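I have placed the structure first, in the form of structure tokens, so that the comments after it can refer back to it.
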Amino acid sequence: LTVQSYAQFQVSDGVAGNAQAEVAAKFPIDMSNLASVSDADHQIIKDARQVAESAETDAFNPAIDAATGDAVTALQNGKIKNKVLKLSLEVMDLMISQAQGDDKTTQIAAEQKKLDNNIALDTKAAGQASTGVSDT
Numbered sequence: 004l005t006v007q008s009y010a011q012f013q014v015s016d017g018v019a020g021n022a023q024a025e026v027a028a029k030f031p032i033d034m035s036n037l038a039s040v041s042d043a044d045h046q047i048i049k050d051a052r053q054v055a056e057s058a059e060t061d062a063f064n065p066a067i068d069a070a071t072g073d074a075v076t077a078l079q080n081g082k083i084k085n086k087v088l089k090l091s092l093e094v095m096d097l098m099i100s101q102a103q104g105d106d107k108t109t110q111i112a113a114e115q116k117k118l119d120n121n122i123a124l125d126t127k128a129a130g131q132a133s134t135g136v137s138d139t
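Start counting the sequence shown at 4; every next residue gets the next number (my numbering).
Right, dumping it as structure tokens:
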């Protein structure tokens, strides 16, 4: 992995419905061999998750509050895709930590449940416009 800006790794622009695959393409980690993930790649995943969380609270929420009409739905779809990004990275982080010796079973289960819920919301909105935010 390489360090990228939020604009480079965000998945919110475009259309809803495929956020999980878009995240996997942006963060191609071998999920079958998490113990081998380098410290540098693990840190990139942790940092990207924090940036995605900041995008949600500092950019998506105010943009949705200020929007009207169809823009609200597109931003809400973008926020859901951003949550898929954030939670996917969180689950990856926890699973890597667990594969490397830290018991994260409880946290993984909780975050995976949130992730599954947001993937379902994204899938339900498939084909709808999705708008991202650039200011993070």
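Just so it is clear, CB atoms sit at the ideal spot from N, CA and C, and this is done for glycine as well.
Keep in mind the model is a prediction, meaning the values are calculated, not measured.
Three-state secondary structure assigned by DSSP to residue i
i, result
"V26", "helix"
"I32", "coil"
"T71", "coil"
"A123", "helix"
"A66", "helix"
"D96", "helix"
"K116", "helix"
"Q103", "coil"
"A128", "coil"
Counterpart residues of residue i in DSSP-defined beta bridges
i, result
"G17", "S133"
First through last residue of the alpha helix (DSSP H) which encompasses residue i
i, result
"Q7", "Segment: none, Q7 is in no alpha helix (DSSP H) and carries neither H nor E."
"Q46", "D42 to S57"
Own chain residues within Cβ distance below 6 Å of residue i, not counting five before or after
i, result
"L37", "M98, I99 and A102"
"E25", "V14"
"K29", "F12"
Residues near residue i by beta carbon distance below 8 Å, same chain, minus five either side
i, result
"A129", "V18, A19, G20 and N21"
"V6", "I47 and D50"
"K116", "none"
"S39", "D33"
Beta-carbon proximity list for residue i, same chain, < 7 Å, skipping 5 on both sides
i, result
"A77", "A132, S133 and T134"
"K84", "V14, S15, A19, A22, D125 and S133"
message: Three Cβ pairs or more, each shorter than 8 Å: is that satisfied between the stretch 35-50 and the stretch 105-112?
response: no
task: Give a yes or no on contact between the stretch 79-91 and the stretch 53-64, applying the rule of three or more CB pairs nearer than 8 Å.
output: yes
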